[in-house]
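Trainee: This is the structure, below, for whatever I ask next.
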Amino acid sequence: MTGNVMIRVENLRRYFYSTPPLLNRLIEGKRRQTIRAVDGIDFEIKTGRCLSLVGESGCGKSTVARLVVGLYKPTTGRIEFGGGRPDSPAAGETDPSTQRVQMIFQDPYASLNPRWRVSDIVAEPIRHENRRKGRMEISQRVGELLSLVGLSPGDGRKYPHEFSGGQRQRVSIARALAGDPDFLVCDEPTSALDVSVQAQILNLMKRLQQQYRLTYLFISHDLAVVYYISDDVGVMYLGRLCELADTQTLFARPKHPYTRFLLDAIPDLGMGGRERMPVGGEVPSPINPPTGCSFHPRCPHADIRCKTEVPRLNEHDGTRVACHAVEEGRLPDPKH
Amino acid sequence: MSTSYAALLEISDLKVEFPTRRGTLVAVNGVSFNIEPGEVLGLVGESGAGKSMTGNAIIGLLEAPGRIAGGAIRLAGRRIDDLPYEEMRKIRGREIGAIFQDPLTSLNPLYTIERQLVETMTTHLGISKGKARERAIELLHEVGIPSAGERIHHYPHQFSGGMRQRVVIALALCSDPKLIIADEPTTALDVSIQAQIIGLMKKLCRDYQTAILLITHDMGVIAETADRVAVMYAGRVVEIGSVRDVVRRGQHPYTRGLMGSIPKIGDNVEHLSQIDGAMPGLTEVPSGCAFHPRCGVAMSVCRQDTPILQRCDHTEVACWQVVDARTGPKGEA
Numbered sequence: 001m002t003g004n005v006m007i008r009v010e011n012l013r014r015y016f017y018s019t020p021p022l023l024n025r026l027i028e029g030k031r032r033q034t035i036r037a038v039d040g041i042d043f044e045i046k047t048g049r050c051l052s053l054v055g056e057s058g059c060g061k062s063t064v065a066r067l068v069v070g071l072y073k074p075t076t077g078r079i080e081f082g083g084g085r086p087d088s089p090a091a092g093e094t095d096p097s098t099q100r101v102q103m104i105f106q107d108p109y110a111s112l113n114p115r116w117r118v119s120d121i122v123a124e125p126i127r128h129e130n131r132r133k134g135r136m137e138i139s140q141r142v143g144e145l146l147s148l149v150g151l152s153p154g155d156g157r158k159y160p161h162e163f164s165g166g167q168r169q170r171v172s173i174a175r176a177l178a179g180d181p182d183f184l185v186c187d188e189p190t191s192a193l194d195v196s197v198q199a200q201i202l203n204l205m206k207r208l209q210q211q212y213r214l215t216y217l218f219i220s221h222d223l224a225v226v227y228y229i230s231d232d233v234g235v236m237y238l239g240r241l242c243e244l245a246d247t248q249t250l251f252a253r254p255k256h257p258y259t260r261f262l263l264d265a266i267p268d269l270g271m272g273g274r275e276r277m278p279v280g281g282e283v284p285s286p287i288n289p290p291t292g293c294s295f296h297p298r299c300p301h302a303d304i305r306c307k308t309e310v311p312r313l314n315e316h317d318g319t320r321v322a323c324h325a326v327e328e329g330r331l332p333d334p335k336h
Numbered sequence: 001m002s003t004s005y006a007a008l009l010e011i012s013d014l015k016v017e018f019p020t021r022r023g024t025l026v027a028v029n030g031v032s033f034n035i036e037p038g039e040v041l042g043l044v045g046e047s048g049a050g051k052s053m054t055g056n057a058i059i060g061l062l063e064a065p066g067r068i069a070g071g072a073i074r075l076a077g078r079r080i081d082d083l084p085y086e087e088m089r090k091i092r093g094r095e096i097g098a099i100f101q102d103p104l105t106s107l108n109p110l111y112t113i114e115r116q117l118v119e120t121m122t123t124h125l126g127i128s129k130g131k132a133r134e135r136a137i138e139l140l141h142e143v144g145i146p147s148a149g150e151r152i153h154h155y156p157h158q159f160s161g162g163m164r165q166r167v168v169i170a171l172a173l174c175s176d177p178k179l180i181i182a183d184e185p186t187t188a189l190d191v192s193i194q195a196q197i198i199g200l201m202k203k204l205c206r207d208y209q210t211a212i213l214l215i216t217h218d219m220g221v222i223a224e225t226a227d228r229v230a231v232m233y234a235g236r237v238v239e240i241g242s243v244r245d246v247v248r249r250g251q252h253p254y255t256r257g258l259m260g261s262i263p264k265i266g267d268n269v270e271h272l273s274q275i276d277g278a279m280p281g282l283t284e285v286p287s288g289c290a291f292h293p294r295c296g297v298a299m300s301v302c303r304q305d306t307p308i309l310q311r312c313d314h315t316e317v318a319c320w321q322v323v324d325a326r327t328g329p330k331g332e333a
C-alpha cells in the first residue's frame, strides 16, 4: 500500500496570456504576451506522504496547486490520480478523482462565506456528495468534524467573523475533511497566522495526516515550516522544478545553487553570527524569462551552457536536480 | 522622574487608548523601554500585541480616535509626546525616520523618486535642490540600487518590491535621523530579498550610528538584526533583554512558548510545542497577568495581580513564577 502513487503529474504547463488593449496593439504594435506560470513540471506523490513545493513569489507554486485541484485547466500535460481506496465510489457517480481531492486556502478570511453559519459551511461537501443523508446524520457528522479540528460542536451555530484567524483555518480544515478526501492540497495554510497559532495548525494537520493516511501537496514559502511538515520537497523557480528530493536529503545536502541560496537566506535563530552571502538580484519576470537555465543571471556558477540550454531534472546522487553545473561536477561542496 | 541622557529614546509607562462607544480599549498599557544611540531594539509579538501602536505613538501617527493617555516619550531628553502637530511634523522625518511594511503605501505614486527624496531633504535640511539631488543619487547608490542616476527619474511602480523597500530606506535615511522606526520592514518580501534588506539595515546602522526600533513578528529577523529585544503580549512588555538571552534562555512562559512554536530546520520533532488558545482581543483582556489563561504554570496570584517588569537574572521579566523562583512565594521586590 505504501508504494501506491496518489497523484502523478507529467510535463504540466500552464500559460496565461495577457493581451494589451486594442489601441496599443494597433499603434504601438504590442503583441500578445505569454506568461509561463508553470513551465513543464513532473512529480508524483505516494499515498500517505506530503510533498511540499517551495519558492519565492511568482515561481508558480500556487498555480500548480490550482491545477491539481482542477481550478485551472492545464495548457498541456497530464494529472493522473492513481492508488485509490477500496471503497471509492463506483463508476457512474461524479468523477471520483475530483471528489477525493480537497483544498485549504491561504486566507481564512476570504475562503469562508461570511453569510453562512459554520455548520452549513462544513456540511456543504457532505450534502454535495450524498444528498440522501438525513439532517440529523449530517449535523452529527459536522459536530464530529468540528471536534476533530479542535472546535466544539456548538461552534457550528456561529458565523465566520466570530472566530479568530487560527480558528477559521480550523473551519477550513473541517470543511476540507467533510468530503472524506484522500488528498489535500494546502496553499500556504499558515502564512496568514501568528507563529503560536501556526504551530497549532501544523500539529493538527500532521495529526490528521497520520490518523486518516492523508496525502498532502503543501505549498509554502517558509522553509522551516516545510522542513517540519513534509516528506519530500520540490524547489521551484520561475515555473520549473529545480530540485526535488526527500526532506532530510534536501536540507542536509542541497545541490542546486538556488536551493543553497534559499537555505542560506533564512534568518538564523541560533545566532551563529555567520556572515552570509545574500542572493543578488531578484526573480525575473515570467513574461520574459532568461534563456537556458532561468536561474543563470543570479548564479555564480553559470557558464555558456547554462545560458543557452535548459537543464533537465535528472537523478543525481539520491536527488533530482536540474543544473548543468551539478551534472558536470563543477559545483563546490556546500558549506553547511 | 530621573532622566538619563545616555538614552536616545526613552519611553516610560506609555499608555495608548481607544475610546469607543462600548468603553475605552487599552492597546498599549504601561510600556517602558530605552534605546541607546546606534542600538537596534527589536519589538516582537503576535498580531494585536500593540507593537505597531507603540511605534505609531512614537512618531505621532496614531490614528484617531487613538490617543496617548499616559506616560512620556522623550527623544534625547526632550519630551515629544505632547508636542503640537506642526512641531511633531518637523521631528518626524528629520529626527525620526520611518520604514513601513508596504513600500508602495509609503511612497507617493504620482511623484518620481527624485522629487520625493529631494523634497524631503530641502524641507528638513534646508539644502539647495542641486545638493539634495546629488545626495539623493549617492543614497540610492548606497542602498544598492543599480544605475541610481537613471533610476532616480522613475516612479515607484517602476520598481520591484525589494527595490521599493530600498527606496523607502533611502528616504528614511536622507535627513540623517538619529532613530528609525521600522515596522515590519521585511514582511512583504521574499526570503532572499529579506536577507538583502536585513544586511542593508545592519550596515547602515553601523555606518551612520542610527538607532532602529525594529517592529516585527519574525523572531528570525530579530535574532539576525537586533541587539536587544522586547517581547510584547496584550499591550504590555513581558520580557526585555539582550537578543541572545531572550531567544536562547527566555524566562517568561510566553517567550518560551513563542520560541518553541517556531519550526526549526534541523530539529526533528514529531510535534511542535504549542501555546493553546490565542491572544485575547482588546475587549477581553483577562485580569492579572494577561497570559494566565494560556499559561501552563499559572498560579492564583497570576489571576489577580498584574506582574510588573523587573530584573531577574539575565533579563527583565514580568512574571510571578519567575519572581517566585528567586525570592520565595509572593515576592514583591
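The listed protein sequences correspond, in order, to chains U and S. No gaps in the numbering here: position 247 of the first sequence is 247 in our numbering, and each next residue is one more. No gaps in the numbering here: position 47 of the second sequence is 47 in our numbering, and each next residue is one more. All C-beta atoms, glycine included, are put in the ideal place defined by N, C-alpha and C.
#1: When the Cα atoms are used, what is the spatial distance from Gly296(S) to Trp320(S)?
#2: Bridge partners for Gly241(S) per DSSP, in chain order?
#3: Does any C-beta atom of chain S lie closer than 8 Å to the C-beta of Gly92(U)?
#4: For chain S, check one thing: does any of its Cβ atoms lie closer than 8 Å to the Cβ of Pro89(U)?
#5: Please list, in chain order, all residues of the same chain as Arg151(S) whose beta carbon is under 6 Å from its beta carbon, the five residues on each side excluded.
#6: Within its chain, find whatever has a CB closer than 8 Å to the CB of Ile137(S); leave out the 5 residues flanking it on each side and keep chain order.
#7: Just tell me which of Leu12(U), Glu44(U), Gln33(U) and Gly40(U) has its CA closest to the CA of Asn4(U).
#8: Using beta carbons (cut-off 8 Å, strictly below), is Arg85(U) in contact with chain S?
#9: My output table needs one value for His161(U): the three-state DSSP class, helix, strand or coil.
#10: Compare the C-alpha of Asp227(S) against each of Cys205(S), Glu95(S) and Ala57(S) and name the closest.
#11: Name, going along the chain, the residues of the segment 15-37 of chain S whose beta-carbon falls closer than 9 Å to a beta-carbon of chain U.
#12: Compare the C-beta of Met219(S) against all C-beta atoms of chain U and say whether one is closer than 8 Å.
#13: Compare the C-beta of Gln200(U) with all C-beta atoms of chain S and state if any pair is closer than 8 Å.
#14: Indicate whether Arg14(U) and Thr47(U) have their beta-carbon atoms separated by less than 8 Å.
#15: Might you give, ordered along the chain, the residues of its own chain that have their beta carbon closer than 6 Å to the beta carbon of Leu263(U), omitting 5 neighbours on each side?
#16: For Tyr233(S), which option in Arg294(S), Ile35(S), Ala188(S) and Pro103(S) has the closest C-alpha, if you only look at C-alpha atoms?
#17: Counting Cβ pairs closer than 8 Å, one from the segment 229-238 of chain U and one from the segment 47-59 of chain U, do we hit at least three?
#18: Which one of Asn314(U), His316(U), Glu315(U) and Cys323(U) has the shortest CA to CA distance from Pro300(U)?
#19: Taking all protein chains shown into account, do 16 or more other C-beta atoms lie within 10 angstroms of the C-beta of Gly92(U), making it buried, or fewer, making it exposed?
#20: Does DSSP put Gln33(U) in a helix, in a strand, or in coil?
#21: DSSP three-state call for Ser32(S): helix, strand or coil?
#22: Please say whether Asp218(S) and Glu56(U) have beta carbons closer to each other than 8 Å?
#23: Would you call the CB atoms of Leu14(S) and Gly71(S) closer than 8 Å?
#24: So with Cβ pairs under 8 Å, would you call Val68(U) a contact of chain S?
#25: Go through its chain and collect everything with a Cβ distance to Pro86(U)'s Cβ below 6 Å, but skip five positions before and after it.
#26: Could you have a look at Asp333(U) and say whether DSSP puts it in helix, strand or coil?
#27: For Asp317(U), count neighbouring Cβ atoms within 10 angstroms of its own Cβ and tell me buried if that reaches 16, exposed if not.
#28: Write down the C-beta distance between Leu309(S) and Ile240(S) rounded to the nearest angstrom, noting that I regard them as a contact closer than 8 Å.
#29: How many angstroms separate the CA atom of Ala265(U) from the CA atom of Gly220(S)?
#30: Which term fits Arg78(U), buried or exposed, when burial requires 16 or more other beta carbons within 10 angstroms of its beta carbon?
#31: Among Arg133(S), Arg74(S), Ala195(S) and Ala188(S), which one has its Cα closest to the Cα of Ala170(S)?
#32: Roughly how many angstroms lie between the CA atoms of Ala65(U) and Phe218(U), to the nearest whole one?
#33: Residues of chain U with CB closer than 7 Å to the CB of Glu284(S), please, in chain order.
#34: Mind checking which residues open and close the beta strand (DSSP E) that includes Val215(U)?
#35: Taking all protein chains shown into account, decide if Glu17(S) is buried (16 or more other Cβ within 10 angstroms of its Cβ) or exposed.
#36: Of the residues that make up the segment 289-305 of chain U, which ones have a beta carbon closer than 7 Å to any beta carbon in chain S?
Mentor: Let me spell this out:
#1: Along the second sequence, one-based indexing puts residue 296(S) at 296. Along the second sequence, one-based indexing puts residue 320(S) at 320. About 13 Å.
#2: Against the second sequence, residue 241(S) aligns to sequence position 241. DSSP, once it has assigned bridges, lists Val229(S) as partnering Gly241(S).
#3: Taking the first residue of the first sequence as 1, we reach residue 92(U) at position 92. Low local confidence applies: a pLDDT of 40 at Gly92(U) is under 50, so the model's placement there is unreliable, with the coordinate-based value given in what follows. Gly92(U) does not count as touching chain S.
#4: Locating residue 89(U) in the first sequence gives position 89, where the first residue counts as 1. Only weak support is given to the placement of Pro89(U): the predicted model assigns it a pLDDT of 40, under 50, and the question is left unresolved by the model.
#5: By 1-based counting over the second sequence, the position of residue 151(S) is 151. Its chain contains Ile145 as the residues whose beta carbon lies nearer than 6 Å to that of Arg151(S), once the 5 sequence neighbours on both sides are disregarded; these appear in chain order.
#6: Stepping through the second sequence from its first residue, residue 137(S) is reached at position 137. Non-local C-beta neighbours of Ile137(S) in its own chain, meaning closer than 8 Å and more than five positions away in sequence, comprise Ala148, Gly149 and Ile152, ordered along the chain.
#7: Within the first sequence, the letter at position 4 stands for residue 4(U). That would be Glu44(U), whose Cα lies nearest to the Cα of Asn4(U).
#8: Sequence index remark: in the first sequence, residue 85(U) carries index 85 (1-based). Below a pLDDT of 50, predicted positions are generally treated as unreliable, and Arg85(U), at 42, falls in that range; no measurement from the model is reported.
#9: Here the question's residue 161(U) lines up with position 161 in the first sequence. In this structure, DSSP gives His161(U) a helical state, which the three-state scheme calls helix.
#10: If you number the second sequence from 1, residue 227(S) lands on position 227. For the residues Cys205(S), Glu95(S) and Ala57(S), the minimum Cα distance to Asp227(S) belongs to Cys205(S).
#11: For the segment 15-37 of chain S, the set of residues with a beta-carbon nearer than 9 Å to any beta-carbon of chain U is empty.
#12: Sequence index remark: in the second sequence, residue 219(S) carries index 219 (1-based). It does: the Cβ of Met219(S) has a partner Cβ on chain U nearer than 8 Å.
#13: Within the first sequence, residue 200(U) is the residue found at index 200, counting from 1. Contacts with chain S at 8 Å (Cβ-Cβ) include Gln200(U).
#14: Here the question's residue 14(U) lines up with position 14 in the first sequence. Here the question's residue 47(U) lines up with position 47 in the first sequence. No; because the gap between Cβ atoms is not below 8 Å, this pair is not in contact.
#15: Position 263 of the first sequence, counted from the start, is the residue given in the question as residue 263(U). These residues qualify, in order along the chain: Pro254.
#16: Walking along the second sequence from the start, residue 233(S) turns up at place 233. Of the residues Arg294(S), Ile35(S), Ala188(S) and Pro103(S), the one whose Cα lies closest to the Cα of Tyr233(S) is Arg294(S).
#17: The answer is yes - the segment 47-59 of chain U touches the segment 229-238 of chain U, with three or more Cβ pairs under 8 Å.
#18: Sequence index remark: in the first sequence, residue 300(U) carries index 300 (1-based). Of the residues Asn314(U), His316(U), Glu315(U) and Cys323(U), the one whose Cα lies closest to the Cα of Pro300(U) is Cys323(U).
#19: For the purposes of this step, residue 92(U) is taken as residue 92 along the first sequence, with counting starting at 1. Any reading at Gly92(U) must be qualified, since the residue scores a pLDDT of 40, below 50, and its modelled position is unreliable; no value is offered.
#20: For the purposes of this step, residue 33(U) is identified with residue 33 of the first sequence, where counting begins at 1. DSSP places Gln33(U) within a strand segment (E or B) once states are collapsed to three.
#21: The count along the second sequence starts at 1 and reaches residue 32(S) at position 32. Note: Ser32(S) maps to strand in three-state DSSP.
#22: For the purposes of this step, residue 56(U) is identified with residue 56 of the first sequence, where counting begins at 1. For the purposes of this step, residue 218(S) is identified with residue 218 of the second sequence, where counting begins at 1. Result no, Cβ atoms of Glu56(U) and Asp218(S) do not sit closer than 8 Å.
#23: Within the second sequence, the letter at position 14 stands for residue 14(S). Within the second sequence, the letter at position 71 stands for residue 71(S). Going by C-beta atoms, Leu14(S) is nearer than 8 Å to Gly71(S).
#24: Along the first sequence, one-based indexing puts residue 68(U) at 68. The C-beta of Val68(U) comes no closer than 8 Å to any C-beta of chain S.
#25: In the first sequence, the residue the question calls residue 86(U) occupies position 86. Residue placement at Pro86(U) cannot be trusted, given a pLDDT of 37 that sits under 50; the coordinates are not used to answer.
#26: For the purposes of this step, residue 333(U) is taken as residue 333 along the first sequence, with counting starting at 1. Residue state, collapsed to three classes: coil.
#27: Looking up residue 317(U) in the first sequence gives position 317. Exposed.
#28: The sequence position of residue 309(S) within the second sequence is 309, counting from 1. The sequence position of residue 240(S) within the second sequence is 240, counting from 1. With 8 Å as the limit, Leu309(S) and Ile240(S) qualify as a contact, their Cβ atoms being about 7 Å apart.
#29: For the purposes of this step, residue 265(U) is taken as the residue at position 265 of the first sequence. For the purposes of this step, residue 220(S) is taken as the residue at position 220 of the second sequence. When rounded, the distance between both Cα atoms is 11 Å.
#30: Counting from one through the first sequence, the residue named residue 78(U) turns up at place 78. With fewer than 16 Cβ atoms within 10 Å of its Cβ, Arg78(U) is classed as exposed.
#31: Here residue 170(S) is taken as the residue at index 170 of the second sequence, counted from 1. Looking at the Cα atoms, Arg133(S) is the closest of the given residues.
#32: Reading the first sequence from its first residue, position 65 is the one you call residue 65(U). Reading the first sequence from its first residue, position 218 is the one you call residue 218(U). Ala65(U) and Phe218(U) have their alpha carbons spaced roughly 8 Å apart.
#33: The sequence position of residue 284(S) within the second sequence is 284, counting from 1. Ordered by position in chain U, no residue passes the 7 Å Cβ test against Glu284(S), which lies about 12 Å from the chain.
#34: To locate residue 215(U), count along the first sequence from 1; it is residue 215. Reading off the sequence, residue 215(U) comes out as Thr, not Val. Run containing Thr215(U): Thr215 to Ser220, per the beta strand (DSSP E) assignment.
#35: Along the second sequence, read from residue 1 onward, the residue named residue 17(S) stands at position 17. Result: buried.
#36: Result list empty, no residue passes.
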